Structure formats: C-alpha cells, structure tokens
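Everything below concerns the one structure shown next.
Chains as they are written, first to last, in our numbering: chain V, 2 to 212; chain A, 5 to 566.
Shown next, in the form of structure tokens:
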C-alpha cells in the first residue's frame, strides 16, 4: 500500500527523477537537441536566403568581391573547422572506450579548431573592411548591398562557433571531473551541435565563396 | 457484467472532506522545477499582463468615445497605446497562458511524473519577467508605435528606442517559447507511461503537441526577422529599407510566416480545452476523437501555407488567389473540430457549470470569428474591408471569443485540481453573463462600423460613427468590469471554497486520478489510463469512476477481477 508520508511531500522537487532510466533520459536530451537545431536551421535560412537573393539579383557585385578577396584564407579556415568535427568524433569515441584523458585531448583540439577558425574570420573581416565592405549602409560605397547580407550570416555563424568553443571548454571541465565516465551524453549533445555548426558552414562556404 | 479492475495504480489517500496539503504561496515566488508550480507561475504572471493589456484596452475605448482627441495628447500617443495593448495581450498574456495550462495539466494527463526537462522549463518561465520589463520599459522612453506587427518603415525610420526594446523583449519571449515547446514535444512523445498510447492521449495533449510543433518551427522566423530589424535599428544596415537596397516586404513575409502559425499557437490549446470540457460536462464521448487529434496536426501544417493573406494589398497580384485558396482550406480542419464539438454535446447530459458555460460561449463566438475569417479570406471582400474595424472585430472574436473564453473554461475546470478547492459556481455564472454580453456588444458592432468604413488604428474618426463607438466603449467597460468578478472568485475560492476531492467532475483523464492538488511526484505508481479517455456514459466507465473514488476514500486501490 502506497501512501504519501509527510517526508515524501516535503522532499525537494528534483528528487523525483529516479524513475527515469539513463537511456530514457538520454533519448529525451537528444530529441531536445535535434528540435533545437531544427529551429536554428530556420534562422540561418532567413539570412542565407537574403544573401542568395542578392547573388541572383546583383551577380556583378558578388563577382567583384570574389576577385578582390580570393578563397585561400577561407578554404584553410573551412579545413580547420572540418578537422575539428573529426576531433569531436574522436573525442566521443575515446570517452565511449573509457579513455578520459584521450577525450580531453580530442575535445581540446576541437576547441582549438574553433578558436583558429574565429581568428581566421577576424583576419578576413579586417581585410574586407579595408576594402570598404562594411555592415552598415554607406551611400558612397559600391558594396552597401553586399555588406549586410554577407556579415549577417557569417557573423551569426561565428557567434555559434564561439558558443561552441565555450561549450567545449565546459565539456572538458565536466569531463575532467569524471562526469561522462559512465554516460557520455553531454559530449554527444555537444557533438550534435558542433556538427550542425560545421554543416551550416559548408552551406555558407559553398553559397558565399564558391558559386 | 464483467468485473472492473481499478487500474489507477496505488495513489495517495484523499477523503472527499479532507484537504490535501498544498504548496505554500511563497513557493510560487521562487525558482522551482516542479511543472505544477511553474504552471501556476505562468498562469498568475500572464493574468497580471492580461490586466495590464486590459487597462490599455479601456484607455483605447475611452479615447474612442468621442471622435476627437481627448484622453490622448496626440495620435502618436494613441499609436503607442494600441501597440502595447496588442503586444502585451499576444506575447505576454495568451501565449504564456497556454504554457500555464500546458505545464500544469499535460504531464498529469499523460501520467508522467514531470516534464522531460524540468530545469529548462523553469528557465523558459523566468525569461518572461525580464522580457516583460524590457517591453514595458519601452513604453516609457520613446515608445514603439508601429502596432504589434511592427511593419518597417514605421518600425525602422519612424520609431524611437522603445521599438528597439520592443524587439529585444519579443526576442527573449521567442526564445522562451521555443524552449518551452521543445520541452512539451519531448514530454509528450517520450514521457508517457507504456499504457498511454498516442491514441489514448487526451485531446489537450494532442493540441499542445501540435501547438509546440508550430512554435518550434515558426518562432525562429520571428527571431530571424527581429535580428534583422535590430541590425537595421542599431547597426545601420538596410535590410528593410528600399533606399539602401533592402526590401520592405521582406519583413511582412517573414513576420507573417511566423505570426500566422502563431495565431494557431494562440487558439489550438483552447480547442483542446474545449474538447475536454464539453465532453466531461456533457457526459458524452468526444465525437470523432481521432479526427479531432489529427485536425490539430492538420491545422499546424496548413497554417504554414496561408501567411500572405495578411498581405493581400501589398502582395504581387498573381499570388493572391493561391493564398485565398489555402486560407479557405484551413477552415476545413477547424470545421471538423466545430462539428465534433456539436456532435459531442448533442444529446448529452449537459451540466451548466461555469466551465461548460464558457466552453459554450467559445463555441458560439468562435464560429462567428471563423466565419468572418473565411469572409476575409475572400479576396474581393478583403480588399474592401482591409484595415478597417471589421478586421479588428474578426481577430477579437477568435482571440477573445476563442482563446480567452477557453482560458476561462480551463480556469473553472482545473482550478479544483490546482488548489484542491471548488470555485463558486454562482459567481462563475454572473461572471459568464457579464463577459459574454460585454464581449458581444463590444465586438459585434465593430463588424458594422468596419463595413461602413471606419479605419483601425486611428484616434480621430468620422463623427457619424460616434454612437456606434459609444455603444462599443460602454460594453467594453462592462467587459473590463467582469474581470474583477473572476479575480474575486479565485481569491475567495482559494481560501474558502469547498474541498474538491480528487475527481469532482467525475472525469476519466488521468489528471483526476491523483489527489487535488497532486503530490510532488504527481503519482505514486505509474497510473494506467482507462481504455478510452472520453468513454463516458457506459456502465464500465461508471464502474471505473466509482472504483477510483473508492480507492481514494480508502487510500489504496480496490482489487478487481483481473
């Protein structure tokens, strides 16, 4: 016979999740991250469409910008970001095999990749601003229509990389304490996010720099 | 007759005359991860915003009592007043109010112990107070005056800092809404006990699921649009300024791609409430249960294809007819619900409780709002009444006659579960009469002045509309007064209402299969739902309900045949 005792009623509310198995809880978390990423896709696509419309309507402006800028730096940057996704996979694998220090190394490399990418983006942005391609509208500049449509999606993506780097550091902090030894779901969630950021970049790289 | 197993599982004891310990009021004022506490937090705070927005509506009607400016110092002051009225009512009242009922009721109806992510749930709620402060603060600087739709260039070139604060606040509310909805989807899909199959889910859960899918997929559009708007306002970009190579219509497209689905965010949970209340209070199964569940999903998906009917006057002409057709199509799943509700109460043993009265009020008012919706979808008619009071009337019939009536029905229906006490039915009936007639005489005449050509969003109007506006204004004050009746009723019933017991309405859904208010863990054992959540009127259901009552009386499940 189950009766509520006064103790149970007074118990702190977060004590009642013992009923959920680790597997169920992991599934919840993964579905949650997927739904979150679905909503992110929408925001990115608004900005991407904004750029694509310009690309269709004013191909000359875009072609000039391509000529001035070249794709060397950004290609290297793309490679770094893709490599960091690989490090991410290796980090998760290491943890699944119970290798905590290996995980820390690989996730550290992931974060480093993110930092290098942001550094590259900083160099690129300063070059562009020297060319006069800036965010705000400037009547004098021939780049006015390009600037905002270029910076909005790439900077929004850059902000996601920054958040990813901070998240990676947090994963390392928790991982070092042994938080993921038995259940690496935290690393897996970060991995979903990081791969998503990577995929978005491949889209942006293709649309903005290649075509 | 077969013996009836009592499948509720072991639950806490509650005698009909005995009050269960309820959370101290101070628990509602601090961070809590219990979905029931969070639900009440959502409910109280959105109701406070309802009062703020309502006071603004009273100001609007006061101004419109005469054709000239009197209450307001200028047309701009009037603009910012109705801008804040719309913003507060939509973003701070209706949408979070459904999160209130969703939070409190959905996990209980599913038989779950809590939401999937309790911490995220609390976080989503606590984003609302700062967002509200930011938005309301804007009213006291240079207020936003572009309407709740905030079309550029009104919201870019002709608005002050209040517009920036408006956009920031709306952004925060959007994030809160997305997080809340992710939580609902995961809870409904993953947190059900095994015996609660999808097709045994109460219709409120179906409605909240559909609503949450819309919120997760549509709200980011608002977030994207607001980001671009903020860039235009503070970073000097020209996304929405044609002079700088931007596109004014871009805002309208993205905004309505969010805001039309958001209309269903505001009313779908109310439709779910209606199915619950009508079925329980007329003791009959929901007519066409599966179709009602699926029609929620249908509305969710078709809702994404109709946005440009808000832009008939600014759209490329060749796109008007396709959007007219999709808009008329969305009336079909709504019609399915309407017929289901009528079929549900048809021949039932109707009990005119306050909850039932408000549900019937919804039924009669929402059908008018729905019909004027189809009228507005018809292009030739829409061009004629575009931007007139006809439109104002239409959306108040669906948002007040629909959502608010459903909110009141839900309040009277679930108040006993939340507080363990019944509300006063006599006061409830008085409240209903004042609300119903106040509402009808406020908003119905707006159809007429609209068709006669009175434009919306103006403080100064043609003197020939004066008498109509006086009728509307006086009725609006009656409507405003009616709110105080329910406030008094809630406070009085919280302290002095009769003890409700576990299942005062003799309902079959699982939130009634635990004590009122439920214990922290909701259920002791996983509850086992009755085979049909709305299977009223059968001997088996009666035996089941008797057995449930019995089990609460004894504090242990009675043993059955199986």
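We put the CB at the ideal spot given by N, CA and C, even for glycine.
As the structure is a prediction and not an experimental result, all values here were calculated from the model.
Opening and closing residue of the alpha helix (DSSP H) in which residue i lies
i: residue 173/A; result: 165-194
i: residue 386/A; result: 383-389
i: residue 446/A; result: 429-456
i: residue 56/A; result: 39-67
i: residue 262/A; result: 252-285
i: residue 500/A; result: 470-500
i: residue 224/A; result: 207-234
i: residue 131/V; result: 101-132
i: residue 65/V; result: 60-70
i: residue 184/V; result: Careful: residue 184/V lies outside any alpha helix (DSSP H) and carries neither H nor E.
i: residue 161/V; result: 145-177
i: residue 345/A; result: 335-349
i: residue 465/A; result: Element bounds for residue 465/A: n/a, residue is neither H nor E.
i: residue 80/A; result: 79-91
i: residue 94/V; result: 73-97
i: residue 402/A; result: 393-402
Residue burial classification, residue i (beta-carbon count within 10 angstroms, cutoff 16)
i: residue 565/A; result: Confidence at residue 565/A is low in this model, with a pLDDT of 33, below 50, so its placement is unreliable and the value that follows should be read with caution. So residue 565/A ends up on the exposed side.
i: residue 425/A; result: buried
i: residue 237/A; result: buried
i: residue 534/A; result: buried
i: residue 412/A; result: buried
i: residue 42/A; result: buried
i: residue 113/A; result: buried
i: residue 117/A; result: buried
i: residue 30/A; result: exposed
i: residue 229/A; result: buried
i: residue 541/A; result: exposed
i: residue 526/A; result: buried
i: residue 473/A; result: buried
i: residue 554/A; result: exposed
i: residue 89/V; result: buried
i: residue 35/A; result: exposed
i: residue 198/V; result: buried
Nearest residue (CA-CA) to residue i, options the options
i: residue 92/V; options: 103/V, 29/V and 83/V; result: 103/V
i: residue 81/V; options: 133/V, 161/V and 202/V; result: 202/V
i: residue 117/V; options: 101/V, 128/V, 72/V and 163/V; result: 163/V
i: residue 361/A; options: 81/A, 414/A and 212/A; result: 414/A
i: residue 67/A; options: 464/A, 243/A, 116/A and 120/A; result: 464/A
i: residue 245/A; options: 89/V, 195/V and 145/V; result: 145/V
i: residue 308/A; options: 342/A, 282/A, 263/A and 297/A; result: 263/A
i: residue 121/V; options: 75/V, 188/V, 50/V and 134/V; result: 75/V
i: residue 1/V; options: 39/V, 199/V and 176/V; result: Residue numbering for chain V in the displayed model covers 2 to 212; residue 1/V lies beyond these limits and cannot be assessed.
i: residue 490/A; options: 452/A, 523/A, 439/A and 500/A; result: 439/A
i: residue 59/A; options: 551/A, 510/A and 485/A; result: 485/A
i: residue 259/A; options: 159/A, 388/A, 530/A and 273/A; result: 159/A
i: residue 190/A; options: 61/V, 34/V and 198/V; result: 34/V
i: residue 469/A; options: 72/A, 62/A and 321/A; result: 72/A
i: residue 379/A; options: 369/A, 398/A and 364/A; result: 398/A
i: residue 166/V; options: 115/V, 56/V and 70/V; result: 115/V
i: residue 373/A; options: 416/A, 327/A, 451/A and 63/A; result: 451/A
i: residue 30/V; options: 123/A, 104/A and 404/A; result: 123/A
i: residue 502/A; options: 154/A, 410/A, 477/A and 419/A; result: 419/A
i: residue 100/V; options: 179/V, 38/V and 48/V; result: 179/V
i: residue 45/V; options: 211/A, 300/A, 275/A and 227/A; result: 227/A
i: residue 131/A; options: 232/A, 143/A, 214/A and 45/A; result: 45/A
Contacting residues, own chain, Cβ-Cβ under 8 Å from residue i (five flanking each side not counted)
i: residue 173/V; result: 105, 108, 109 and 112
i: residue 521/A; result: 24, 26, 27, 40, 421, 422, 423 and 424
i: residue 77/V; result: 121
Same chain only: Cβ atoms within 6 Å of residue i, ignoring 5 sequence neighbours per side
i: residue 11/V; result: Legend: pLDDT at residue 11/V = 38, less than 50; position of this residue unreliable, no value from coordinates given.
i: residue 493/A; result: 427, 428 and 431
i: residue 357/A; result: 285
i: residue 146/A; result: 164, 165 and 166
i: residue 79/V; result: 206
i: residue 516/A; result: 507
i: residue 355/A; result: 285
Cβ neighbours of residue i in the same chain (closer than 7 Å, five flanking residues each side left out)
i: residue 21/V; result: none
i: residue 57/A; result: 89, 92, 93 and 97
i: residue 353/A; result: 286 and 287
i: residue 365/A; result: 409, 436 and 440
Inset, instruction - Tell me the start and end of each unbroken alpha helix (DSSP H) in the region 281-321 of chain A that is at least 4 residues and wholly inside, in chain order. - result: 293-306
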